[in-house]
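K.L.:
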Amino acid sequence: MRFFVVGDVSVDLLFFVERIPEPGEEVPSRRALMKPGGAGATLAA
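Here this note's numbering is used: position 22 in the sequence shown is 44, and no number is missing along the way.
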């Protein structure tokens with residue numbers, strides 16, 4: 023089977039934090055992940 027997908031592919035950056043920071047505040051992350059994303063990548067999966 024063959025298929026062709028048209029769409030964008032991007033990189034999703036995920037940061038795990040203890041709480042959501044206030045505007046202008048910085049909060050350290052416990053963990054960070056870089057995953058493929060985008061409409062084209064999601065549809066192809």
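Just so you know, even glycine gets a beta-carbon here, dropped at the ideal spot from N, CA and C.
#1: Quick one: what's got a C-beta closer than 6 angstroms to F26's C-beta in the same chain, skipping five residues either side?
#2: So, under 8 angstroms CB-CB, P50 and V31 are touching, yes? Tell me the CB distance rounded to an integer number of Å.
#3: If you follow the alpha helix (DSSP H) that G59 is part of, which residue opens it and which one closes it?
#4: DSSP puts L35 in a beta bridge; with which residues?
#5: Quick one: residues in its chain with C-beta nearer than 6 angstroms to the C-beta of P43, no 5 flanking neighbours on either side, listed in chain order?
P.N.:
Reading from the atomic positions:
#1: Within the sequence shown, numbered from 1, the residue matching residue 26 stands at position 4. Within the same chain, no residue comes within 6 angstroms of F26 by CB-CB distance, once the 5 residues on both sides are set aside.
#2: Translated into the one-based positions of the sequence shown, residue 50 becomes position 28. Translated into the one-based positions of the sequence shown, residue 31 becomes position 9. Contact flag wrong, Cβ pair sits at about 29 angstroms.
#3: For the purposes of this step, residue 59 is taken as residue 37 along the sequence shown, with counting starting at 1. Taken as a continuous stretch (DSSP letters only), G59 belongs to no alpha helix (DSSP H), being part of the beta strand (DSSP E) at 51-59.
#4: Translated into positions along the sequence shown, residue 35 becomes position 13. Answer is M56, bridged to L35.
#5: Here the question's residue 43 lines up with position 21 in the sequence shown. V49, listed in sequence order.
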